[in-house]
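>
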Amino acid sequence: MLKTIYPKAMKLILLSFLMLCLIGCGSKTQVLTKIQIQKVQIPNELLEFDRASKPIVQDEKDILKAYSELFYHYKQCEINMDKIKELNDEL
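Under our numbering, the first residue of the sequence shown is numbered 106, with each subsequent residue one higher.
#1: If you follow the alpha helix (DSSP H) that Asp164 is in, where does it begin and where does it stop?
#2: Alpha carbon to alpha carbon, how far is Gln181 from Thr138? Give it in angstroms, no decimals.
#3: According to DSSP, is Glu153 part of a helix, a strand, or is it coil?
#4: Relative to the alpha-carbon of Glu195, which residue among Val145, Gln141, Gln135 has its alpha-carbon at the smallest distance?
#5: Please determine, among Lys190, Gln135, Glu174, the residue with the shortest C-alpha to C-alpha distance to Arg156.
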């Protein structure tokens, strides 16, 4: 029911919770004591990425190429996430 009433708010809360979980997945134990919501304007180019095409694998060379492409797309997402974190830290 909440999904139909507040879809944008639920997506924001879910995304925030996911980011907190991912940030807190280190070896340290973290206790959340204060929650603050900030609006950050994120440029569209940081939110968009090229979709990875489904690889056609016929031999080991194709497997290596597919892993290489997957790693490239992963690193692009990681770079964009770092830039978004920098924008958030500037506030």
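Built from N, CA and C at the ideal position, the CB exists for glycine as well.
Quick look at the numbers:
#1: Counted as a single uninterrupted DSSP element, the stretch harbouring Asp164 is not any alpha helix (DSSP H), since DSSP gives it neither H nor E.
#2: Between Thr138 and Gln181, the C-alpha separation is close to 32 Å.
#3: The answer is coil: DSSP assigns Glu153 none of H, G, I, E or B.
#4: Closest option to Glu195, judged by alpha-carbon separation, among Val145, Gln141, Gln135: Val145.
#5: Among Lys190, Gln135, Glu174, the Cα nearest to that of Arg156 belongs to Glu174.
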